[in-house]
Amino acid sequence: MKQVFKKPESLKDVQTHFCPGCHHGTIHRLVAEAMDEFGVQQHTIGVASVGCSVFLYGYFDIDVVESPHGRAAAVATGVKRAKPDSFVFTYQGDGDLAAIGTAEIIHAANRGEDITVIFVNNTTYGMTGGQMAPTTLLGQRTSTSPYGRNKSKDGAPIRMAELLSQLEGVAFSARVAVDSPRNLMDAKKQIKKAFRYQVEGKGFSFIEALSACPTNWGMNPLSANARVGAEMCDYFKPGVYKNVENL
Amino acid sequence: MAAIEAGCRYYFGYPITPQSDIPEYLSRELPKLGGEFIQAESEIASINMLLGASATGVRAMTSSSSPGISLKQEGISYMAGSELPGVIVNISRSGPGLGGIDASQADYFQAVKGGGHGGYHIVVLAPASVQELYDLTMLAFDLADNYRMPAMVLGDSVVGQMKEALVANRRPDTKLPPKDWAVRGRGGGEQRVVKSLFLGDGELEAHNWRLHAKYQELKERETRWEEFMVADARLLVTAFGSTARIVKTAVMMAREAGLKVGLLRPVTLFPFPEKALQRATQQCKKVLDIELNTGQMVEDVRLCVARDAEVNFYGRPPGAGSLPTPEELLEQIRKHY
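Next up, the structure:
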């Protein structure tokens, strides 16, 4: 019988700690599939960040360096410069990348480091208990915005895929959603493109993945999934914002 | 020069006075050797680039001065927790805050007591001359690799800006353990992970005890100090770094005046020469500690001297014109003799 579906080689055969309905597992799988298809698992060095994503090394069967909160792009810069033949990616959440790590991500992108960044945007700090993130939507209630995010007080949510696309060093910047089969297919396509650009040495590649955090949103998995496709996609428009091949 | 001789090909830093000569020199020299120089966006980014490069097993370094070193503390703590080698040169300046750029020894506490969070130590070497700055920088790379921990070369603007004759010694032929922990991309081998997070039952406690044991081993095997005219001394002066140079002159002046004075200069601030101080103060019951601050190393001196020894302190807090003269120190020696 022909096998049509299996666990990617790049993932370990273990259970994850992620909550029901969380998309981290889905994104892990997409990244691992892309890794398998490019045959890069054996020379990949992953950079784990702080947050729910820190256990990267528990799920991916690859070498991993754990970074301080927000500094993954700087750590990845050191790794890649010291080992230019390795395949290097960071996997970061929205608090990590778009708040405390803003300087690191902007300058790594601007230097055009040959790394790939997987940015998981779920509009909240997951691991610390659902506080307001730089990507929290206006009006969204979190444990530190109990009256809803207020534009005049908290500013508007940051659109990282668009922001980074302005920088010369960025070869590829795209936003995907992982809420439906169709969007998953597209997400996989964009992740593979981002990986290909690194393999070809084209520069910095960036994937923003819109995803759900049912636990901290106070929603069940289905309605949280629906929120990704509705409210989130409405403000954070999926699409390719920079592609050097089209310039 | 010493870093290059030691095989370091990766430098990550950010400009700050009075250490900018280091990045300027390495930005010129490293590319010629196939190395990498990155002027990072911040001190925080540069220490984390060092963390990443060190995790792959290469020799790498950063340098800065006091306020910049404060920013690096997060990364230094992570490197200590992840047991990563790496050299940090601190050509310190005066503080607190923006302070000034004058010579200062006010960062002793920060360097030797674990300046970041979590309870750790790093190797701290205190050169008193250009020659030592060179030799100790090479030693820092060896100690860092041997003990898998960050090593700091702690100088000040006097030793960092001084012009002196230098013998460009060759890299010592030290036998070092293989870096079988470094990430490299599995390549068919076992997964390697460089991390400082330990959540399993008892894991973190065991990790901390292991780090502690390493610090004890370092104390036993790597403590270095200089003794000058200590054998018959009635008064023992303790000082480190460039200040010890001025003290040495004052000690010689005291000897000429017939006073039995000696100098004990810690070369490694961590590990601190506890036993040497204990030994020296078995005979010599009076100690005068001299520093360019309001009293930091003196706390360690008090902890280490023989029980009945009397420890006095003379300090000059950092600031313009605050370098003491040999005559001024001789007067202090007479006062406490």
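Chains A and B supply the protein sequences, listed in that same order.
Okay, so the first sequence: first residue is 29 according to our numbering, each after it adds one.
Okay, so the second sequence: first residue is 102 according to our numbering, each after it adds one.
We put the beta carbon where it would ideally sit given N, CA and C, even for glycine.
Please read all numbers here as calculations on a predicted model, not as lab measurements.
- Your pair B/L336 and B/V368 does not check out as a contact, with CB atoms roughly 21 Å apart and the cut at 8 Å.
- The residue from B/L237, B/T118 and B/M150 with its alpha-carbon nearest to that of A/A136 is B/M150.
- Per DSSP, the unbroken alpha helix (DSSP H) holding B/S155 starts and ends at E144 to A156.
- Judged by pairs of C-beta atoms under 8 Å, the region 266-281 of chain B does not touch the region 67-79 of chain A, as fewer than three such pairs exist.
- Within the same chain, and ignoring the five residues on either side of B/A107 in sequence, the residues whose Cβ sits closer than 6 Å to its Cβ are M239, F242 and R272.
- Under the Cβ criterion of 9 Å, A/E65 is not counted among the residues facing chain B.
- Annotation: B/P228 to B/G135 spans about 29 Å, alpha carbon to alpha carbon.
- Proximity of the region 369-382 of chain B to the region 396-411 of chain B meets the contact definition, three or more beta-carbon pairs being nearer than 8 Å.
- Following the DSSP letters along the chain, one finds B/I223 in no beta strand (DSSP E), marked with neither H nor E.
- Using a CB distance cut-off of 9 Å, A/T72 counts as an interface residue toward chain B.
- According to the DSSP secondary-structure assignment, B/M253 is paired through a beta bridge with B/I189 and B/V225.
- Of the other Cβ atoms in all chains shown, fewer than 16 fall within 10 Å of the Cβ of A/D262; this residue is therefore exposed.
- Where A/Y85 is concerned, the enclosing alpha helix (DSSP H) starts and stops at L84 to Y87.
- The Cβ neighbour count for A/K270, taken over all protein chains shown within 10 Å, is at least 16; the residue is labelled buried.
- Distance between B/A269 and B/D236, taken at the CA atoms: about 9 Å.
- Taking 9 Å as the cut-off, the beta carbon of B/N191 is found closer than this to the beta carbon of B/G256.
- For A/Y85, the neighbours in chain B by C-beta distance under 8 Å run, in chain order, Q292, V294 and K296.
- Between B/S167 and B/V295, the C-beta spacing is not below 9 Å.
- Counted as a single uninterrupted DSSP element, the stretch harbouring B/M102 is not any beta strand (DSSP E), since DSSP gives it neither H nor E.
- Identification of residues in the region 170-183 of chain B having a C-beta nearer than 9 Å to some C-beta of chain A yields E175, G176, S178, Y179 and S183, given in sequence order.
- Proximity of A/A126 to chain B, defined by a Cβ-Cβ separation below 9 Å, is not satisfied.
- Rounded to the nearest whole angstrom, the CA to CA distance from A/V59 to A/T243 is 23 Å.
- DSSP, read as helix, strand or coil, puts B/W282 in coil.
- It is roughly 11 Å from the alpha-carbon of B/A154 to the alpha-carbon of B/R285.
- In the three-state DSSP reduction, A/G257 falls in the helix class (H, G or I).
- For the region 317-363 of chain B, the continuous beta strand (DSSP E) assignments of 3+ residues that do not extend past its boundaries occur at 326-329 and 336-339, in sequence order.
- Neighbours of B/A146 across chain A, judged by C-beta separation under 9 Å: R99, A101, A102, T105, A131, E132, H135 and A136.
- At a cut-off of 9 Å between beta carbons, B/S155 contacts chain A.
- The three-state secondary structure of B/S164, taken from DSSP, is strand.
- Contact between B/V224 and B/A245 holds: their C-beta atoms lie close to 7 Å from each other, under 8 Å.
- Taking C-alpha positions only, B/R366 is separated from B/Y111 by approximately 32 Å.
- For A/V42, no Cβ of chain B is located within less than 9 Å of the residue's own Cβ.
- Within the same chain, Cβ atoms closer than 8 Å to the Cβ of A/H52 are found at T44, F46, C80, S81, V148 and S239, the five residues on either side in sequence being excluded.
- Distance check between B/R325 and each of B/G416, B/F371 and B/L364 places B/F371 closest, using alpha-carbon atoms only.
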